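A short worksheet on the structure shown next.
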Amino acid sequence: MPSIKSYLYRSVIRRKMRGAGARSFEEARQGMEDATRRFAMPPGVETRLVDVAGRQSEWVIPAGQTKGAVILYLHGGAYTAGSLDTHRTLAAEIARASGIAVLVLGYRLAPEHPFSAGLEDAVRAYDWLLHDQQIAPQRILLAGDSAGGGLALATALRLRDAQVPLPAGLICLSPWTNLTLTGKSMKTRRKRDPFFSDTLRLQSSARAYAGTHALDHCGISPLFGCLQGGFPPMFIQVGDDEILLSDSVDLAETARAAGIAVDLEIWPSMWHVWQIFGSQLREAREAIARIGAFARARIAAAA
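Numbering (our numbering), first residue to last: 161 to 463.
Next up, the structure:
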């Protein structure tokens with residue numbers, strides 16, 4: 161049963177997100193920065209800025225970390241917003257729950273840097289972990305929320321096609337995998353979603369990110385990519401009340417048809433990337449605990 165606090169948060173989110181689709185990219189970026197600035201860092205986690213293949217990024221390191229293991233985290237923000245600052249606390253909560261250091265990548269954003277800039281940054285970051293940091297692929301997890309979840313999947317596709325050893329697993333939180341916005345939940349969850357009351361922002365961000373490419377390009381909408389070829393297990397969390405629900409459900413079905421192990425969690429009454437509320441919300445704490453358990457299990461399986 162949803163917590164009483166979740167109903168309060170839902171009401172606040174719906175009010176604050178009303179009309180968000182009409183905001184400029186700069187306004188959306190600032191709004192995201194302002195909304196997450198109030199989040200407090202959990203205890204027992206330290207951060208350190210680092211240059212990763214020319215991109216300012218950040219290590220988020222828990223006390224007693226599992227040595228030689230990394231979660232490469234790609235933040236959300238519809239490819240046009242989000243930063244190290246907006247996702248620091250979520251990364252810290254995941255680091256603490258898993259006991260694994262998280263590397264948050266400051267990848268390039270659209271519209272200034274359309275596809276495939278962000279994807280190239282993610283691939284270079286993975287290569288940096290493999291070669292500069294000497295981390296074995298079976299000790300790396302790819303993770304992300306929203307656009308970052310889709311980018312994590314697109315990165316795995318690009319690595320597979322380049323015959324680069326794949327990571328131990330993929331963690332996708334409310335991943336945006338279909339930028340054509342044709343999933344059934346775009347209609348069926350429209351009235352229930354407190355975060356996206358319409359698709360205006362998604363439409364403008366999708367177009368800005370795709371640039372001159374088609375929206376169904378597999379590097380842009382990885383749902384349409386071929387998942388054959390030894391993909392690692394996937395862990396997907398999505399809210400039952402979000403219009404991007406189909407992006408996760410369809411991904412899970414496609415992955416299972418390709419023989420990939422998939423753990424899909426559909427959380428009742430939850431909205432887009434509710435995990436970002438960390439210790440403030442019971443449902444966020446529980447979700448993050450499950451993320452941590454999956455991450456530990458994948459690293460342990462490779463030991």
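We put the CB at the ideal spot given by N, CA and C, even for glycine. Small disclaimer: the values here were computed from a predicted structure and weren't measured.
Take R174 and list the residues in its own chain whose beta-carbon comes closer than 6 Å to its own, dropping the five residues that flank it on each side.
For the purposes of this step, residue 174 is identified with residue 14 of the sequence shown, where counting begins at 1. For R174, where only same-chain residues beyond five positions count, the Cβ hits under 6 Å are P354.
Under 7 Å between the Cβ atoms of L302 and L265?
Stepping through the sequence shown from its first residue, residue 302 is reached at position 142. Stepping through the sequence shown from its first residue, residue 265 is reached at position 105. No, the pair does not count as a contact, with Cβ atoms beyond the cut-off.
Specify the secondary structure class of R284 as computed by DSSP and reduced to three states.
Counting from 1 along the sequence shown, the entry for residue 284 is found at position 124. In the structure shown, R284 sits in a helix (DSSP, three-state: H, G or I).
Secondary structure at R208, three-state DSSP: helix, strand or coil?
As a position in the sequence shown, residue 208 is number 48, starting the count at 1. Of the three classes helix, strand and coil, the one that applies to R208 here is strand, per DSSP.
In whole angstroms, what separates the C-alpha of T372 from that of R352?
Working through the sequence shown from its first residue, we reach residue 372 at position 212. Working through the sequence shown from its first residue, we reach residue 352 at position 192. Using only the alpha carbons, I get a separation of about 33 Å.
What residue ranges within the stretch 276-324 form continuous alpha helix (DSSP H) runs of no fewer than 4 residues, ordered along the chain?
277-287 and 307-321
Across the stretch 278-287 and the stretch 209-224, are there enough close Cβ pairs to call them in contact, namely three or more that are closer than 8 Å?
By the Cβ criterion, the stretch 278-287 is in contact with the stretch 209-224, since at least three pairs of Cβ atoms, one from each stretch, lie closer than 8 Å.
Buried or exposed: C386, going by 16 or more other Cβ atoms within 10 Å of its Cβ?
As a first step, residue 386 is located in the sequence shown; it is residue number 226 there, counting from the start. Here C386 is exposed: its Cβ has fewer than 16 other Cβ atoms, across all protein chains shown, within 10 Å.
Smallest Cα separation from Q363: which of A180, S163, S171 and K176?
What you label residue 363 is simply residue 203 of the sequence shown in a count that begins at 1. It is A180 whose Cα lies nearest to the Cα of Q363.
How big is the Cα-Cα spacing for S163 and G390?
To locate residue 163, count along the sequence shown from 1; it is residue 3. To locate residue 390, count along the sequence shown from 1; it is residue 230. So the alpha carbons of these two residues sit roughly 39 Å apart.
Looking at the strands, I want to know which residues DSSP matches up with A261.
Position 101 of the sequence shown, counted from the start, is the residue given in the question as residue 261. V230.
For the stretch 336-423, which segments carrying the alpha helix (DSSP H) assignment without a break, of at least 4 residues, lie completely within its bounds, in sequence order?
Whole alpha helix (DSSP H) segments, 4+ residues: 345-348, 360-370 and 405-417.
One or two residues paired with W427 in a DSSP bridge:
Working through the sequence shown from its first residue, we reach residue 427 at position 267. Its beta-bridge partners are G399.
If we count the other Cβ atoms within 10 Å of its Cβ and call it buried at 16 or more, is D321 buried or exposed?
Here residue 321 refers to the residue found at position 161 of the sequence shown. Burial call: exposed.
Within 10 angstroms of its Cβ, does T342 collect 16 or more other Cβ (buried), or is it exposed?
Mapped onto the sequence shown, residue 342 falls at position 182. By the 10 Å Cβ count, T342 comes out exposed.
Which residue from E272, M394, L375 and A282 puts its Cα closest to that of A328?
As a working note, residue 328 is residue 168 in the sequence shown. Taking only the C-alpha atoms, the option nearest A328 is M394.
Quick check on T337: buried or exposed, where buried means 16 or more other Cβ atoms within 10 Å of its Cβ?
Here residue 337 corresponds to residue number 177 of the sequence shown, with the count starting at 1. By the Cβ-count criterion, T337 is buried, with 16 or more other Cβ atoms from all chains shown falling within 10 Å of its own Cβ.
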